[in-house]
Amino acid sequence: MNDDRAAAYAASAAIWSRLATLLPDPEDVELVQDCWDIGEQEAGLSTLVERLTELRLPVDDTARTRIAVLAEEWTVWDRHGSEIAHLAQSPERPPRLRVFEDGAEDTIPAAEVLSEPPSPTSELVPWIACPPCGRTLARSHRREEWGGLSYLAEAYVVLAHDRAFAPLVLDAQGDAAAWSALEALNKACGCASD
42 MNDDRAAAYA
52 ASAAIWSRLA
62 TLLPDPEDVE
72 LVQDCWDIGE
82 QEAGLSTLVE
92 RLTELRLPVD
102 DTARTRIAVL
112 AEEWTVWDRH
122 GSEIAHLAQS
132 PERPPRLRVF
142 EDGAEDTIPA
152 AEVLSEPPSP
162 TSELVPWIAC
172 PPCGRTLARS
182 HRREEWGGLS
192 YLAEAYVVLA
202 HDRAFAPLVL
212 DAQGDAAAWS
222 ALEALNKACG
232 CASD
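Note that the sequence shown covers residues 42 to 235 in my numbering.
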């Protein structure tokens, strides 16, 4: 494992451990943590999201976006995106960032926003947004011949609805690409406090 990949994995592990502690039952926390430790991240994310949903535990927007990024990183967003988007909101902090389930917002043909889209048939799927400042992180997916969108994102795009800055395109294939995209959204956002 190269240094960049090891650093990205260690950073994800630290976030994972913090997210596991959102669960009040020590056995659930241990189960989610054990899933990471044995390389069963998909099962751990399923357990975390299912327990948060079942218990209607409040989750702030920082935790929600981190869960969304982990789900994208471990390719379970398609199974849990709707649940993650609808986790109970923490009353202590008003949400700044909003996570959209797939289909909640219309896709945008990438060619309408980008001078050089990742592919000729790319569509931008709104994923995480800051409604107060109009910044959005979208996943770019290729429109397949059969009409649906490709399973995996080909790129991440940070854009401003008021076009206050040129869209930022990040390759989805690099280590920690989804985390880099979330960081880029936070940097572009005038409201960011994280």
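Don't be surprised by glycine CBs; every beta carbon is placed ideally from N, CA and C.
Small disclaimer: the values here were computed from a predicted structure and weren't measured.
Only residues of its own chain outside the window of five on either side were considered, and among them V166, W168, A194 and Y197 have a CB closer than 7 Å to the CB of R180, listed in chain order. Within the model, the alpha-carbon separation for L155 versus E71 is close to 44 Å. Looking at N43, Q74 and E81, the one whose alpha-carbon comes closest to that of V117 is E81. For secondary structure counted as the alpha helix (DSSP H) over 4 or more consecutive residues, the segment 86–131 holds these complete runs in sequence order: 102–114 and 118–126. According to the DSSP assignment, E164 belongs to the beta strand (DSSP E) that extends over S163 to C171.
No Cβ-Cβ contact shorter than 7 Å links G231 with A201.
In the three-state reduction of the DSSP assignment, L60 falls in the helix class, which pools H, G and I. Here F206 has A229 as same chain residues with Cβ atoms under 8 Å from its own Cβ, once five neighbours each way along the sequence are excluded. In the structure shown, D212 falls within a strand segment according to DSSP collapsed to helix, strand and coil. In the same chain as I56, and ignoring 5 residues on each side of it, the C-beta atoms closer than 6 Å to its own belong to R107, in chain order. Put simply, the segment 90–104 touches the segment 112–130. At least three CB pairs are less than 8 Å apart. With contacts defined by Cβ atoms closer than 7 Å, V73 and R105 do not form a contacting pair. The Cβ atoms of P158 and A152 lie closer than 7 Å to each other. In this structure, D203 lies away from R46, with their beta-carbon atoms at least 7 Å apart. Note on T177: 16 or more other CB atoms within 10 angstroms of its CB, so buried under the neighbour-count rule. Going by C-alpha positions, R184 is about 36 Å away from R59. At a Cβ-Cβ threshold of 7 Å, L64 and R92 count as neighbours.
According to the DSSP assignment, S181 belongs to the beta strand (DSSP E) that extends over R176 to R183.
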